[in-house]
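Asker:
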Amino acid sequence: MSIKPIQYHDGKCLMIDQRLLPGREEWREYDDYRGIAEAIRDMVIRGAPAIGVAAAFGVAFGARDIEAADFEEFYPELEAVCQLLASTRPTAVNLCWALERGKRFARRHHGIPLGDIRKGLLDLAVKMAEEDERINRTLGRHGHRLIPPGARILTHCNAGALATAGYGTALGVIRAAFEAGKKISVFADETRPWLQGARLTAWELLRDGIPTTLICDNAAGHLMACGEVDCVIVGADRIAANGDTANKIGTYTLAVLCKEHGLPFFVAAPLSTIDHSLADGSSIPIEERSREEVIRHGGVELAPAGIAVRNPAFDVTPARLISAIITEAGILRPDRQGDFGLSIKPFRNPSLPDE
Ligand code: MRU
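Residue numbers for the sequence shown, in our numbering: 251 to 605.
(1) Any chance the CB of Ile-342 is under 7 angstroms from a heavy atom of ligand 1?
(2) With a cut-off of 8 angstroms, do at least 3 Cβ pairs link the stretch 414–427 to the stretch 377–394?
(3) From the DSSP output, in three-state form, read off Tyr-325 for me.
(4) Short check: CB of Ala-438 to CB of Thr-462, under 8 angstroms?
(5) Taking 7 angstroms as the cut-off, is the C-beta of Arg-269 nearer than that to any heavy atom in ligand 1?
(6) Out of Arg-541, Glu-454 and Leu-389, point me to the one whose CA is closest to Gln-268's CA.
(7) Helix, strand or coil: which one does DSSP assign to Asn-497?
(8) What alpha helix (DSSP H) runs, 4 residues minimum, are completely inside the stretch 252–323?
(9) Look at the Cβ atom of Ala-318, then the Cβ atom of Phe-324, and state whether they are nearer than 8 angstroms.
(10) Would you say the beta carbon of Gln-257 is closer than 7 angstroms to some non-hydrogen atom of ligand 1?
(11) I'd like to confirm something about Cys-346: is its beta-carbon nearer than 7 angstroms to some heavy atom of ligand 1, or not?
(12) Sorry if obvious, but does the Cβ on Ala-413 come closer than 7 angstroms to a heavy atom of ligand 1?
(13) Taking the continuous beta strand (DSSP E) assigned at Ala-475, which residues delimit it?
(14) Can Arg-387 and Gly-422 be called in contact, C-beta distance under 8 angstroms?
(15) From Phe-307, Ile-575, Pro-299 and Pro-596, pick the residue whose C-alpha is nearest to that of Gly-285; which is it?
(16) Would you call Pro-596 buried or exposed, if buried means 16 or more other Cβ atoms sit within 10 Å of its Cβ?
(17) Closest by CA to Cys-332, which one among Phe-321, Asn-344, Glu-288 and Glu-350?
(18) Starting from Phe-437 and walking both ways along the beta strand (DSSP E), at which residues does that stretch end?
(19) Going residue by residue through the stretch 378–433, where are the continuous beta strand (DSSP E) segments of at least 3 residues, counting only ones entirely within it?
(20) Does Lys-498 pass the burial test, meaning 16 or more other C-beta atoms within 10 Å, or should it be called exposed?
(21) Can you give me the C-alpha to C-alpha distance between Asp-382 and His-392, rounded to a whole angstrom?
(22) What did DSSP end up calling Asp-487 once you bin it into helix, strand or coil?
(23) Ends of the alpha helix (DSSP H) at Phe-590?
(24) Using a Cβ-Cβ cutoff of less than 8 angstroms, which residues in the same chain neighbour Ile-557 once the five nearest sequence positions on both sides are dropped?
(25) Buried or exposed: Lys-254, going by 16 or more other Cβ atoms within 10 Å of its Cβ?
(26) Give the straight-line distance between the Cα atoms of Val-436 and Val-309, rounded to the nearest whole angstrom.
(27) The alpha helix (DSSP H) with Ile-545 in it runs from where to where?
(28) With distance defined between alpha-carbon atoms, name the residue in Ile-403, Ala-336 and Phe-321 nearest to Asp-366.
Written as structure tokens, this is what we have:
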């Protein structure tokens with residue numbers, strides 16, 4: 251059974267501290283929105299859908315603690331809570347999507363007692379966590395149809411149970427293929443500088459008994475050239491309306507390598523990762539993280555102190571390099587020009603359900 255990295259118990263949100271895995275399995279408890287914002291910023295919890303669910307609990311805890319006499323006093327305060335949560339990590343659109351969903355819930359119920367809005371926001375956060383795992387299982391069932399028996403699949407970063415409320419997106423497809431008895435195997439890119447592949451993907455897949463081999467990021471091209479990889483599957487942090495996809499830094503390089511070697515390159519993501527407001531990927535905000543992450547690891551100096559460093563956390567893979575986008579609604583395909591616009595468009599409205 252795959253892990254549920256974010257859970258709700260007795261008024262508290264529990265998160266497994268992903269900075270410590272695989273060495274230590276420690277759970278942190280949060281009961282206020284500032285703590286949740288910090289947990290997202292500091293990567294206690296990470297991965298686009300998991301960040302979205304954490305933000306939903308942030309909204310609920312923030313709403314609970316707002317002292318207001320009526321909705322007119324309450325709502326601006328709720329917006330301030332959302333603003334703080336939104337400022338934590340800019341690339342994953344699921345974060346803004348979850349905040350928008352919470353604010354919309356409050357606006358729609360303007361007029362009912364504030365206590366009921368507060369309770370409704372907590373119920374919504376719990377529902378979003380359950381919904382996310384269900385979506386991933388559906389997505390996995392659709393996606394594994396693309397995976398032939400015996401496939402050797404390369405994945406990057408961690409788009410697993412740890413990056414979601416459970417089961418995973420890219421790893422959800424891998425899990426579904428494995429559960430269907432397809433005898434697949436996985437190459438996990440280590441994913442510098444945070445090593446989500448080495449620390450998290452390897453940990454998850456090993457626990458599930460899925461045959462997995464860890465590789466350095468720069469080994470992918472060599473393995474493809476040797477004919478040892480059949481396809482690549484990754485997750486996504488934000489997908490523009492034409493299919494351009496932001497994901498962990500290094501994803502774009504893999505897509506180019508797939509093109510060179512004639513290999514399918516699949517993206518697996520829930521519909522909530524699609525940002526219909528962006529025509530293409532050129533305006534997706536790319537988070538730049540600290541130089542410390544690159545020059546030091548586990549207290550060890552990896553580079554001279556004076557060196558200039560760039561540390562973009564994500565890159566954008568152009569839609570034309572993507573073979574298919576796997577969602578809970580099915581498999582989306584590009585047109586002849588490599589544009590996903592027509593297959594993405596019908597999903598514009600259901601992305602924010604009425605509740
Ligand atoms: O910096 P991270 O660890 O939050 O980055 C995570 C990724 O890039 C994942 O591939 C993406 O969020 C999809 S997770 C289902």
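Glycine is no exception: its CB is placed at the ideal position from the N, C-alpha and C atoms.
Just so we're clear, the structure is a prediction, and the values are computed from it rather than from any experiment.
Answerer: The answer reads as follows:
(1) It should be pointed out that residue 342 corresponds to Ala in this sequence rather than to Ile. It does: the Cβ of Ala-342 is within 7 angstroms (strictly closer) of some heavy atom of ligand 1.
(2) yes
(3) helix
(4) yes
(5) no
(6) Glu-454
(7) strand
(8) 283–291 and 298–315
(9) yes
(10) no
(11) no
(12) yes
(13) Run containing Ala-475: none in the beta strand (DSSP E); it sits in the alpha helix (DSSP H), 470–475.
(14) yes
(15) Phe-307
(16) exposed
(17) Glu-350
(18) 435–439
(19) 402–405
(20) buried
(21) 15 angstroms
(22) coil
(23) First-last for Phe-590: undefined, no H or E at that position.
(24) Ile-545
(25) buried
(26) 37 angstroms
(27) 542–545
(28) Phe-321
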